[in-house]
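Those letters in the sequence shown? Residues 4 to 216, by my numbering. Backbone N, C-alpha and C define an ideal beta-carbon position, used for all residues, glycine too. In what follows, a single structure is set out as structure tokens and then discussed.
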Amino acid sequence: MTHYVLNRSFNTSVKRTERVLEIAEAFGLGLSDTQFVVYDNLELEVNAGDVVYITGQSGSGKSLALKDLAAQMEAGGLDIADLNQVELDPDLPAIDQIGATMTEATDLLSKAGISDAYIYLRRPHELSDGQRYRLKLAKVMNSTADVWVADEFGAVLDRVTAKAVAFSMQKVARRMGKIFMVATTHTDLVEELAPSLTIIKRFREKVELQHGA
Ligand SMILES: Nc1ncnc2c1ncn2[C@@H]1O[C@H](COP(=O)(O)OP(=O)(O)O)[C@@H](O)[C@H]1O
Ligand SMILES: [Mg+2]
């Protein structure tokens with residue numbers, strides 16, 4: 004059982020430019036420094052094979068939670084694969100980007116929602132954002148990391164594809180004993196991800212936790 008604690012706050016100090024002072028006066032805003040708290044001792048339990056689903060409005064603190072959790076996991080000795088850091092080889096067709104064998108490559112691509120021979124043959128710059136995104140997901144699944152992190156999960160995919168990919172990735176993650184953490188404003192992935200832990204981030208430091216599978 005591995006325990007994590009999230010704490011995060013920012014100083015609200017603003018740079019006092021002429022326009023800032025004008026806005027402050029017009030809207031009656033005080034400019035004295037205060038603490039803006041995003042996470043106040045939020046205690047979480049995350050273990051191998053867990054799926055963590057972080058939702059909430061833009062600016063609520065999803066990315067911060069993901070980043071802080073991943074950093075704590077890394078400090079605890081786990082390897083992190085961050086979807087946003089995945090690099091593709093610009094010269095290689097999709098089918099050559101992953102897997103030790105052809106079968107492994109097509110299998111990984113299919114789990115990432117790509118099963119079209121035409122796409123297999125295309126190099127990264129010849130793919131759409133969504134196709135490139137799925138290729139990166141396949142690369143994450145192909146990594147030896149213990150933790151898969153996907154901020155803005157599925158943002159460039161249509162919802163049907165996002166759901167299909169969410170379902171197959173959580174299955175692979177669980178079977179391989181990985182930790183799979185996604186953050187997105189979309190709340191429609193509950194059934195597909197069957198999250199072990201759902202973090203619903205609300206205003207300020209407010210947060211709701213739901214424990215599942
Ligand atoms: N370096 C920083 N300084 C001050 N405020 C920050 C900083 N980074 C993030 N924030 C604030 O923390 C809140 C949460 O940010 P973030 O986790 O990126 O939101 P989300 O991913 O849910 O859109 C936002 O309101 C943002 O303005
Ligand atoms: Mg974010």
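- When distances are taken from the beta-carbon of SER171 to the heavy atoms of ligand 2, even the shortest one reaches 7 Å or more.
- For THR58, there is no enclosing alpha helix (DSSP H); the residue is part of the beta strand (DSSP E) that begins and ends at 54-59.
- The segment 121-130 makes contact with the segment 89-104: 3 or more CB pairs, one atom from each, lie closer than 8 Å.
- Taking the C-beta atoms as reference points, THR58 is found nearer than 8 Å to THR190.
- Where LYS181 is concerned, there is no enclosing alpha helix (DSSP H), because DSSP gives it neither an H nor an E.
- Annotated three-state conformation of ARG19 is coil, per DSSP.
- Taking the Cα positions, MET179 is about 18 Å away from THR109.
- By the beta-carbon neighbour count (other beta carbons within 10 angstroms, threshold 16), GLN100 is buried.
- Contact annotation, TYR136 with VAL159: C-beta distance approximately 5 Å; criterion of less than 8 Å satisfied.
- Here LYS204 is not near SER12, since their CB atoms are 8 Å or more apart.
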